[in-house]
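The structure under discussion appears below in the form of structure tokens.
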Amino acid sequence: MKILKWFLITFAALTVLGALMTGGLYWYMKDDLPSVAELREVRLQTPMQVYSSDGELIAQFGEIRRIPLRLDEIPATLQEAFLATEDTRFYDHFGIDPIGVARAFFQLMVTGEIQGGGSTITQQLARNFYLSFEQTWTRKIKEAFISLHMESQLSKDEILELYLNKITFGHRAHGVGAAAQVYYGKEVGDLTIAQMAMIAGLPKAPSTMNPISNPERARERRAVVLGRMLDEQVITRDQYENAVKEPVETRFHGPEVTMSAPYLAEMVRAEMVTRYGEDLAYNSGFKVYTTASAKQQRAAQLAVQNNLHAYDERHGYRGPEAILWEAEEDAWQPTQIREYLRDVDALGLTYPAVVLGVQDQQAMVLRGSGEPVTLRWDGLKWARPYMNAERQGAAPQNAAEILKAGHLIRIRLTENGWRLAQLPEPGAAIVALRPQDGGIAAAVGGYSFRISQYNRATQAERQAGSNIKPFIYSAALENGFTLATLVNDAPINQWNPGSGIAWRPRNSPDVYEGPIRVREALAKSKNVVSVRLLRSMGVNTTVEYLTRFGFAFDELPRNESLSLGSASMTPLEIARGYAVFANGGFLVTPYFIERIADASDTTIFQARPAVACVLCETEREVIQAPQVITEQNAFLITQAMNSAVWGGGSWQHKTGWNGTAWRIQRSQPIVRKADRNIVGKTGTTNDVKDTWFSGYVSGLVTTAWVGFDNLERALGSSTMNENLDSSEQEISGVEAGAKTALPMWIEFMETAVQDVSTEPFDVPPGLVSARIDLATGKLSRNSDYTTGFEYFLPGTAPTEYAEEGSSSSNIFDDEDSIF
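63 is the number of the first residue of the sequence shown in our numbering; add one for each residue after it.
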């Protein structure tokens, strides 16, 4: 009796102590227990998808993919597969399975460590909801409390439904709905028994047992699940045998990116995170539709890449990326080469390859795909040795001078077959805007986003060079000049007492024509004329005027170098400024997100940009962009830049001349669509560190830039190569806006103009037209090649007639005033 009494007292004391300890632990951990609302919440978690304006998928951002399903939408066989594998007594226990606990305790006694296993579905759900996977007593105790709490608040079916929607299956799939889509591209109701077993086996080790990453381990795990399903009589023997034999055929079934636009996609990602925060942006299933069309975006990317390869070829071959074996060493076997090339990325338009051998004027190379490729002489002859930015070696005479067996090289596929290539060193950018509302039609910030994520279209602040001149000339027209005003195109020598040196701005090329009309000076990009125009207005007046185009006041230099483009601007900022001329004087704000839809495809944001319009339709509640210059001023500058493309005067006589952008005339796709309604301006900075071309038709403004990211590095010049055809020879020599950036602009616009307005720029009200003498800028009574019509603001047309054989008397020079 004493022993029994002692036992009962001890048992009671231990019970009370256990209850107190349990209560204390509960009190300590109660803040970790979820509310009923939290338990029941299963939020759709779907990555953000970014689309072109015409619905092509550009990119996907976000780690998790989840498709919530009700329990009655999940096949009973799939449910039973999980129960048979993970928790056969699920409907019998209270959240903690004593048998599983006993097994874990036994493992602790035997090994001295807490082992995995023995967890119920409720415990797994608790762990996936709130806890880490760390094997500690604290975690186990918290897990137990949360499991008991769940069982007290939710029914068994609710817990199972939550589990099947929350559990992780690898490859960013969470829940059985997403797993079915990711691994098989199916709805859960369409899965076979073998596929259900495969999915049910994944929670044990989703990263190492999934059929994409490790098909053999996945097959073994599937067999275990099928065996459990057979033991629990979920399936018959025949079903088991058929399912075990079924091949493990799966691949990642995700939305396929159909258009590569990584720079634009990154712009969208950053903006969405700013608006919504990372969690909502990445996991709410947003569908973001951009302003860019797939066709124009593709054309922009290809133009950037092709143009950079053309530059690189003009400057010579820098040699192989690596040498895998020397001539005296044994050559690698094809299997070794393929294995090596698996770790060498294809970048941009280039593919890695290894030279197998050379013969006279061709070379045999092997790609990583195992495909042998023959590089013929047309694809090799460009490869003069690179010496520096200014010089290249002698033209090669045979393939052995360029390549040797064992060289790791790059090749690219062109319309004329495979061609030796290398990763271009300069950077480049194209950005195209709709001038009516600022919508970005295309944006490319470099050769390859994988090489550099630096978006030169929006982030690279580079000196504008002559691309700034239209804004200087616009200010001049606002301050009394006309397109017919003569300005002295003569060298400037200005002594600076402070530095003890003279400032001598030069034309490029270093040619001077004496008195020249403003229209012709802009078309020919005369530097000294730009300086004289700025001097006439004053630096402060010019700076104030340039801010109308959206340029930051504090970033504009307060000296005469401003007239030559010393101000640093991004391609997007310059395109925005040119849009003012294209749309009749309105400053639009660039934007790239047209619409945002939620996971149910309901529009939650629709862009309402301020638009360029003289008479906006108030009933449509159109927001009008601010008008910053007059419609007449915008038209006159457009006319002058049109001359940069088409020149002026008569080509059959000595008065005929070409502007700096005359190469556009050769582009039949552009000319056929736009006729002569094409406008543009080249730009080149000192020492050729930046090259530009900005131009437009009525429906699209495009800016192109090429330069090195290293601000000190110049683009240089290229040596004439007798192996090049005549068109290639013409673009040899010193790099400049017309030779380096303009070809990229042309290639892009040949595609882009086909789908935009190219209507003539209408003459705005108030302007007058008068026939002038081209030599003097005065009125003319003649109608021959020495004359032409010019537009003037009211009251600014010349009143004097040019007399035959007379010279002009209205030439503006440094000491003159036009007033």
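By construction, the Cβ of each residue, glycine as well, lies at the ideal position given by its N, Cα and C atoms. All values derive from a computational prediction rather than experimental measurement.
Any idea if residue i is buried or exposed, counting beta-carbon neighbours within 10 angstroms, 16 or more meaning buried?
i	result
Arg581	buried
Asn569	buried
Leu342	exposed
Val830	exposed
Ala256	buried
Ala564	exposed
Leu773	exposed
Ala362	buried
Thr651	exposed
Lys307	exposed
Arg620	exposed
Ser845	exposed
Ser528	buried
Ser275	exposed
Thr664	exposed
Tyr113	buried
Gly489	buried
Ala614	exposed
Which residue from the options puts its Cα closest to that of residue i?
i	options	result
Trp807	Ala384, Ile492, Thr336, Gln668	Ile492
Ala814	Ile502, Gly627, Arg670	Ile502
Glu902	Asn517, Arg610, Ala629	The structure shown does not extend to residue 902, since the chain spans only 63 to 881, so no value can be given for it.
Ile473	Arg446, Ala462, Asn460, Arg438	Arg438
Ala706	Trp719, Ala188, Asn695, Val244	Trp719
Leu442	Glu463, Arg496, Gly542, Ala451	Glu463
Ala389	Gln395, Arg376, Gly419	Gly419
What does the alpha-carbon distance come out to for the pair residue i and residue j?
i	j	result
Met782	Gly795	Its pLDDT being 46, under 50, Met782 is placed unreliably in this model, and the value from its coordinates should be taken loosely. Cα to Cα, Met782 sits roughly 7 angstroms from Gly795.
Ile793	Pro273	Legend: pLDDT at Ile793 = 47, less than 50; position of this residue unreliable, value from coordinates given subsequently. Straight-line Cα distance between these residues: approximately 54 angstroms.
Gly178	Thr184	With a pLDDT of only 44 at Gly178, under the threshold of 50, the placement of this residue in the model should not be trusted, and no figure is reported.
Trp387	Ala776	35 angstroms
Thr746	Gly799	5 angstroms
Thr544	Leu855	8 angstroms
Thr230	Ser322	29 angstroms
Gln515	Leu326	11 angstroms
Gly757	Val319	31 angstroms
Gly410	Leu626	34 angstroms
Glu784	Pro731	Unreliable positioning characterises Glu784 in this predicted model, as indicated by a pLDDT of 41, which lies under 50. The coordinate reading is nonetheless provided below. So the two alpha carbons sit approximately 29 angstroms from each other.
Val750	Ala456	24 angstroms
Tyr344	Pro130	17 angstroms
Thr436	Arg429	11 angstroms
Phe654	Asp660	18 angstroms
Arg299	Ala356	53 angstroms
Trp68	Ala262	51 angstroms
Leu364	Thr802	15 angstroms
Gln556	Tyr574	17 angstroms
Ile424	Ala461	Per the sequence shown, the amino acid found at residue 424 is Gln instead of Ile. Going from the Cα of Gln424 to the Cα of Ala461 covers about 6 angstroms.
Tyr509	Gln689	36 angstroms
Glu821	Arg404	51 angstroms
Glu294	Arg234	30 angstroms
Gln301	His236	27 angstroms
Gly710	Pro577	16 angstroms
Ile221	Met260	22 angstroms
Pro458	Leu465	11 angstroms
Gly778	Glu852	38 angstroms
Output the boundary residues of the alpha helix (DSSP H) element that contains residue i.
i	result
Arg474	Unbroken run through Arg474 is the beta strand (DSSP E), 469-476; no alpha helix (DSSP H).
Leu253	That residue, Leu253, is in no alpha helix (DSSP H); it is neither H nor E in DSSP.
Asn345	340-345
Arg429	Counting along the chain, Arg429 falls outside any alpha helix (DSSP H), though it belongs to the beta strand (DSSP E) covering 424-429.
Glu852	No alpha helix (DSSP H) contains Glu852, which is instead part of the beta strand (DSSP E) from 849-854.
State the start and end residues of the unbroken beta strand (DSSP E) segment that holds residue i.
i	result
Leu437	434-438
Val416	412-421
Glu656	655-659
Phe835	A small correction: the amino acid at residue 835 is Asp; Phe does not occupy that position in the sequence shown. Run containing Asp835: 830-835, per the beta strand (DSSP E) assignment.
Trp754	752-759
Gly742	741-746
Thr813	Unbroken run through Thr813 is the alpha helix (DSSP H), 804-814; no beta strand (DSSP E).
Nearest chain C C-beta to residue i closer than 8 angstroms, yes or no?
i	result
Leu624	Chain labels in this structure do not include chain C; a single protein chain is all it has.
So, does the segment 213-220 touch the segment 244-259, judging by three or more C-beta pairs under 8 angstroms? no
Okay, do the segment 606-614 and the segment 634-646 touch, 3+ Cβ pairs below 8 angstroms being the bar? yes
Evaluate contact between the segment 585-602 and the segment 528-542, counting only Cβ atoms and requiring at least three cross-stretch pairs below 8 angstroms. yes
Is there contact here, the segment 368-383 with the segment 126-145, by at least three beta-carbon pairs under 8 angstroms? no
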